[in-house]
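In what follows, a structure is listed as structure tokens, so that the remarks can point back to it.
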Ligand code: SF4
Ligand code: SF4
């Protein structure tokens, strides 16, 4: 009774009255969708754009970056779990006007939505992105790409650049360990590329999760099948949140990167000393 369906992402949550969906930020209040964290900003910083990471989009520039709370995945090695897996973190509410005015008055040509998963704040994102575009500010997404196509089709035309996670090519791992959906992520990557968004892809190489040549090879084949020119970031993992396996072996990461360079033109191992 009074339950609602959220079809924003592949979870398709049926949310009972007074409860929230898996992402923890979309609520059923009295039979209607309520967004308790609309415009709730958990973190902000002015970062080098390479930190997103984006290496082929306006290199050397600084980008004002804003983070939210909640996520539709539950990666046990999440490096930002304090904001992705929790919602109460002493954040503050800012309107889109305040955010875009700040970016505009600082003379920045772009803005990043990042740190936790921006796509679960779809409505706020749309409002901000439209306002940014109106002010000639380029929207940059840093995302897990786990969203259904109808919604992606609204967001992507407003997006100038995106770094998208491809966390593994193992569908079961995506589903059972991360709580995600590999086909949705692959479709998002293809969709973004075909809509002319500048995309770069990141795989966090996690010890005991995806650190096999077989898994990474399948990621590489998929990316190369779209374009060999898509920059690919292979990041070293460090123990975080609920995952305590040793950090990614540096030699292994460099070996994986070497193999990757046989299939893609731009491969960047990162997050290593
Ligand atoms: S966006 Fe959140 S509430 Fe909606 S389907 Fe995904 S996890 Fe569920
Ligand atoms: S998708 Fe990103 S923010 Fe969400 S749980 Fe996984 S690593 Fe954390």
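In my numbering, the protein residues as written are 11 to 283. Quick reminder that beta carbons are idealized off the backbone N, C-alpha and C, glycines included.
Quickly, what does DSSP pair residue i with across the bridge? List them, please.
i: residue 54; result: 76
i: residue 130; result: Looking at the DSSP assignment, residue 130 forms no beta bridge with any residue, so it has no partner.
i: residue 214; result: 245
i: residue 112; result: Looking at the DSSP assignment, residue 112 forms no beta bridge with any residue, so it has no partner.
i: residue 38; result: 43
i: residue 15; result: 24
i: residue 140; result: Residue 140 pairs with nothing; no bridge assigned.
i: residue 102; result: 51
i: residue 202; result: Answer is none; residue 202 lacks a bridge partner.
i: residue 122; result: 75, 150
i: residue 208; result: 171
Should residue i and residue j be called a contact, given that it needs their Cβ atoms to be closer than 8 Å?
i: residue 245; j: residue 281; result: yes
i: residue 15; j: residue 22; result: yes
i: residue 166; j: residue 115; result: no
i: residue 34; j: residue 100; result: no
i: residue 234; j: residue 207; result: no
i: residue 109; j: residue 138; result: yes
i: residue 56; j: residue 67; result: no
i: residue 132; j: residue 49; result: no
i: residue 32; j: residue 90; result: no
i: residue 201; j: residue 159; result: yes
i: residue 41; j: residue 12; result: yes
i: residue 188; j: residue 84; result: yes
Quick one: measure Cβ to Cβ for residue i and residue j, integer angstroms, because I've assumed they're closer than 8 Å.
i: residue 52; j: residue 93; result: 4 Å
i: residue 121; j: residue 147; result: 6 Å
i: residue 124; j: residue 152; result: 4 Å
i: residue 118; j: residue 72; result: 7 Å
i: residue 247; j: residue 215; result: 6 Å
i: residue 229; j: residue 198; result: With a Cβ gap of about 14 Å, residue 229 and residue 198 do not count as contacting.
i: residue 211; j: residue 184; result: In fact, because the Cβ distance is near 15 Å, the residues do not count as touching under 8 Å.
i: residue 87; j: residue 250; result: 5 Å
i: residue 135; j: residue 129; result: 7 Å
i: residue 240; j: residue 270; result: Not a contact, Cβ separation roughly 11 Å.
i: residue 263; j: residue 279; result: 5 Å
Quick one: is residue i near chain C, going by C-beta distance under 8 Å?
i: residue 162; result: No chain C appears in this structure, which consists of one protein chain only.
Between residue i and ligand 4, is the CB less than 7 Å from at least one heavy atom?
i: residue 149; result: This structure simply doesn't include ligand 4; it includes ligand 1 and ligand 2 instead.
Mind pulling the alpha helix (DSSP H) runs of 4 or more residues that sit fully within the stretch 144 to 184? 159 to 165
When you get a sec, list the residues whose CB is within less than 6 Å of any heavy atom of ligand 2, chain order please. 81, 83, 84, 85, 88, 90, 94, 126, 127, 154
Tell me which residues pass a beta-carbon proximity test against ligand 1: closer than 5 Å to any heavy atom, given in chain order. 16, 18, 19, 21, 23, 31, 32, 33, 36, 82, 130
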